[in-house]
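One gets this note's numbering by counting positions in the sequence shown from 1 and adding 1424 to each. This report refers to the structure that appears directly beneath it.
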Amino acid sequence: MARIVIINPNSTASMTEAMVRAAATAAPELRFEGRTSHNGPSAIQGEEDGAQAAPHLLDLVRDVDAQAPDGIIIGCFDDTALVEAAEVARCPVLGIGQAAFHRAALRNWRFSVVTTLPVSIPVIEKNIASYGLQRWACRVRASNVAVLDLEREAEASKTIVLDEARKAFCDDGADAIILGCAGMVDLTRAARQALAVEIIDPVETAATCMRWLAG
């Protein structure tokens, strides 16, 4: 059984655990383990947090890679230090944002992203452009829900995020809505029940991609 390590660049261990659960459900034939960057910020919201998280994340990538995993998933939708991590590791390294964007593009789905705060929008837009996927991108939307509030104020946050996803579906002409934060992993089922549009969970997508990347 292939062993995949999900590295969370922030220090919130409960988010790591939620990602591992979601990944294991999506790809049960793989073995997922989680590692949390305890020296990183508690949440990554924008370029400044990403820069703070990057050196500690890369230290973790080196440590994990030394244990010869079959693949590494960077568990932040900003794909924090993804290029550098791929250069450091000998195994495949995949970002959850990277996986979600490419899934939509490969299906020829125009997509909108619903993320957390406005400060995250430029990073996500820059990543979409760097992957050459602008033609499929409708809009990156902020729900104005902070990352940690997705857990601390779960019900209120769910209502706000789903409302923004509904606007993305109705107003943007999107074929798919991408949940633009690893901390939204527990909202996926509710979003799929509430909205008649394809919902892309980036953690699930990265997990299923590892079926062939780690093969």
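Built from N, CA and C at the ideal position, the CB exists for glycine as well.
I'd like to confirm the pairing. Which residues does DSSP put opposite N1432 in its beta bridges?
Partner(s): T1460.
Measure how close the beta-carbons of L1506 and L1637 come, nearest whole angstrom, since I'm counting them as under 8 Å.
Here L1506 is actually not in contact with L1637; their C-beta atoms are around 14 Å apart, not less than 8 Å.
Among M1425, A1467 and R1613, nearest to P1493 - alpha-carbon criterion:
The shortest C-alpha separation from P1493 is found at M1425.
Would you kindly report the start and end of the unbroken beta strand (DSSP E) that includes L1518?
V1517 to G1519 is the extent of the beta strand (DSSP E) around L1518.
8 Å Cβ cutoff met for A1561 and I1552:
The criterion of a C-beta distance shorter than 8 Å is satisfied by A1561 and I1552.
So the alpha helix (DSSP H) C1594 belongs to, where does it begin and stop?
Unbroken alpha helix (DSSP H) run through C1594: A1578 to D1596.
Distance check for V1621 and A1475, CA to CA, integer angstroms please.
Between A1475 and V1621, the alpha-carbon positions lie close to 34 Å from each other.
Complete runs of the beta strand (DSSP E) confined to the region 1489 to 1527 [at least 3 residues]:
Counting whole runs of 3 or more residues, the region 1489 to 1527 contains the beta strand (DSSP E) stretches 1495 to 1498 and 1517 to 1519.
Cβ neighbour criterion (16 or more within 10 Å) applied to Q1522:
Around the CB of Q1522, 16 or more other CB atoms lie within 10 Å, so the residue is classed as buried.
Determine whether the beta carbon atoms of G1499 and I1548 lie at a separation below 8 Å.
Cβ atoms of G1499 and I1548: not closer than 8 Å.
Would you kindly check if the distance between the Cβ of R1534 and the Cβ of D1599 is under 8 Å?
In this structure, R1534 lies closer than 8 Å to D1599 by Cβ.
Would G1597 be called buried (16 or more neighbouring beta carbons within 10 Å of its own) or exposed?
A residue is called buried when at least 16 other Cβ atoms come within 10 angstroms of its Cβ; G1597 does not meet this threshold and is exposed.
So does the region 1578 to 1595 actually touch the region 1480 to 1488, counting three or more Cβ pairs closer than 8 Å?
Touching, no.
First and last residue of the uninterrupted alpha helix (DSSP H) at L1637:
Taken as a continuous stretch (DSSP letters only), the alpha helix (DSSP H) holding L1637 covers P1626 to L1637.
Under a three-way DSSP split, which group does L1574 fall into?
For L1574, the secondary structure class from DSSP, reduced to helix, strand or coil, is helix.
Report the CB separation of T1539 from G1604 in whole angstroms; it is logged as a contact under 8 Å.
Yes, they are in contact, since the Cβ atoms of T1539 and G1604 sit about 3 Å apart, within 8 Å.
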